[in-house]
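28 is the number of the first residue of the sequence shown in the working numbering; add one for each residue after it. Glycine included, each C-beta is placed from N, C-alpha and C at the ideal position. Below is one structure, written out as structure tokens; comments come after it.
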Amino acid sequence: MNEINLHNTLTGKIEAFVPQRAGEVRMYTCGPTVYDYAHIGNYRTFVFQDILRRFLKLRGFQLNHVMNLTDVDDRIIANAAAAGKSIRDYTEQYVHAFFADCKTLSIEAPENWIRATDHIGDMVKLIQRLQEKSYTYPGDGSIYYRISKFPSYGKLSKIDVSGIQAGARVDNDRYEKESARDFALWKAPKPGEHFWETPIGPGRPGWHIECSAMAMKYLGETLDIHTGGIDLAFPHHENEIAQSEAATGKPFVRYWLHAEHLLVEGEKMSKSLGNFFTLRDLFAKGYKPSSLRFALASVPYRKQLNFTFDGLQQAASSVERLRNFADRLKLGKFSAGNQQGMARRIASAAEEFDAGLSDDLNTARALAAMFDLVREANIAIDNGDLRQGDVSAVQQFLSTFDRVFAVLDDNDGEKLSALGYGKPESGPSDAEIDQLVAERNAAKKKRDFATADRIRRELADRGIIIEDAKDGSVRWKRK
Ligand SMILES: [Zn+2]
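Listed below in structure tokens is the structure:
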């Protein structure tokens, strides 16, 4: 097995991954702020951390992974008040939507999914520790962190904070501060707002203190891995470091991993450009969860991902190719024995798959290893060369692959109907049906009955009936 190498934002280098305790990984991921549905840019990060945790599990590590749900912030408080609901009632719908979306994308639940509002006491205690060490100062009932007392501030994002002028907006805090770069640990309540009565006064926590307090409560004062989107590196993660390390005097995180941005059709996603998508927007257009997962996973996490509808179609056909291949292996009849050289070929594909993922989670390289083998094995099947003795080794590799990529289960229809989406109302176009019928005919000609059958079933699922006439011609009709 290969040494696992990961890019650490803190050092700016690719480093061998060695956890503090052998065989165990303590990992934290900044979860969503639950005031709305998460968008596909968010899910790029969540799919990345899922691939990471699945790969670490595949390699035998025991995971203790925490993801938080930020269920208190300015927008949530304002929206909940406007809706006349408690914070818990208001956020509940988005928490449920997030859990359901993760399940739909086959994102595994972390060992601990926790809410900020269940941990106010832990945040207060951490702020008290910072108060005792004079890292804080009060202002109008709020409590601020004094960055000038933490000289290594900026070491993660390499940002030069000395240039930040008074009055510059770095954070969303709308309060008076000694220095523009300082940030609120605790926010005084504004009239009529929800607040908690605590030993440090009435109010609510700042966003940054949530993650420090919750991460250290569940994972200890030094974590192995902290993940998030690159936009969180500054100021959020920088502030997490400042708070945690000032309180404990210990390194907070050993490996910081950040996923790059997602673009849509080459442009930054924004509501005003009309290219802003939640998962549900795409499901409503008839796209499958497995296509989305594949599209989001296929680009290595440190590369910008340009999300396009062409790319989504390609992802759909890649997943289909894999599922067809799995079906061919399952349903085919193979002669006994082994094809010469095939066992070695399968072993080297599996080795290359592991090498790709060990190479800073290079999913493109891992996928190429899989698809190269699929192409060769399909040719071997077409020629009648693949033997029964090789089939189980290929299946074994497919199942290893799927423990990380998780796209082989043909359950998109069930997942969509669980979310309340039916089949696309318009159905496929005539041209698309003709194309699929032609592909099915070609598959039948090659005696690839698994593919032919799958296409027939897919069309049936979409309301199209195929009729094979006795003279060999094929007709189709809509149900
Ligand atoms: Zn966080």
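Minimum C-alpha distance to residue i - residue among the options
i, options, result
"Lys330", "Trp140, Arg71, Gly50", "Arg71"
"Leu90", "Ser426, Gly449, Leu246, Ser169", "Leu246"
"Val421", "Ala433, Val434, Ala407", "Ala407"
"Leu446", "Arg414, Ala105, Arg474, Asp308", "Asp308"
"Arg474", "Val464, Arg392, Arg355, Gly233", "Arg355"
"Gly228", "Asp167, Asp386, Ala127", "Asp167"
"Asn139", "Met54, Gly148, Gly39", "Met54"
"Glu159", "Ser345, Glu287, Thr275", "Thr275"
"Gln462", "Ser133, Gln423, Arg483", "Arg483"
"Met6", "Thr38, Ala65, Glu224", "Nothing about residue 6 can be reported from this structure: the residues present for the chain run from 28 to 506 only."
"Thr131", "Leu384, Ile141, Ser317", "Ser317"
"Glu237", "Pro226, Lys217, Pro216, His264", "His264"
"Leu259", "Lys471, Leu284, Asp251", "Leu284"
"Leu37", "Ser184, Lys152, Ser133", "Ser184"
"Gly364", "Ala343, Ser419, Glu347, Leu332", "Ser419"
"Arg371", "Glu403, Lys360, Trp503, Lys112", "Glu403"
"Tyr164", "Lys204, Ala143, Tyr448, Ser133", "Lys204"
"Ser444", "Gly148, Phe310, Ile147, Phe261", "Phe310"
"Gly14", "Pro262, Leu83, Gly256", "No answer is possible for residue 14: the residues shown for the chain start at 28 and end at 506."
"Val501", "Ala465, Asp101, Thr478", "Ala465"
"Phe82", "Phe428, Ala343, Asn410", "Phe428"
"Ala342", "Gly368, Gly411, Phe432, Lys472", "Phe432"
"Pro455", "Gly416, Asn389, Asn266, Lys312", "Lys312"
Contact under 9 Å by Cβ, residue i with residue j
i, j, result
"Ala324", "Val74", "yes"
"Cys57", "Thr254", "yes"
"Phe336", "Glu292", "yes"
"His235", "Ile114", "no"
"Val434", "Leu349", "yes"
"Trp213", "Ile154", "yes"
"Phe279", "Thr305", "no"
"Asn351", "Arg430", "no"
"Tyr172", "Phe210", "yes"
"Pro513", "Ala391", "This structure does not reach residue 513, given that the chain is present from 28 up to 506, and the question cannot be answered."
"Phe177", "Glu287", "no"
"Arg414", "Ser375", "no"
"Asp439", "Lys315", "yes"
"Leu339", "Ala322", "yes"
"Ser175", "Ser206", "yes"
"Ala127", "Tyr117", "no"
"Ala395", "Glu379", "yes"
"Pro218", "Gly230", "no"
"Glu30", "Asp77", "no"
"Ala11", "Met150", "The displayed coordinates of the chain run from 28 to 506. Any statement about residue 11 would go beyond what the structure contains."
"Gly490", "Arg505", "yes"
"Pro46", "Tyr121", "no"
"Asp488", "His34", "no"
"Ile460", "Phe424", "no"
"Gly39", "Gly87", "no"
"Met94", "Ile141", "yes"
"Leu290", "Leu319", "no"
"Pro232", "Val61", "no"
"Ile103", "Trp223", "no"
"Leu358", "Ala477", "yes"
"Ser385", "Asn106", "no"
Test: residue i CB closer than 9 Å to a CB of chain C
i, result
"Arg329", "Although the question refers to chain C, the structure presented lacks it and comprises just one protein chain."
Exercise for review: Under 6 Å from any heavy atom of ligand 1, by CB: list those residues in chain order, please.
Suggested key: Cys57, Cys238, His263
Check your understanding: Which runs of the alpha helix (DSSP H), 4 residues or longer, sit entirely within the region 81–151?
Key -> 101–110, 114–131
Review point. Which whole runs of the alpha helix (DSSP H) in the region 402–460 are 4 residues long or more, in chain order?
Key: 415–432, 439–445
Point to revise | Complete runs of the alpha helix (DSSP H) confined to the region 194–270 [at least 4 residues] | key: 234–246
Point to revise | Segments of 4+ residues assigned as alpha helix (DSSP H) that fall wholly inside the region 261–338 | key: 265–275, 306–311, 316–325
**Study point:** Segments assigned alpha helix (DSSP H), at least 4 residues, entirely inside the region 358–410
**Key:** 369–385, 390–409
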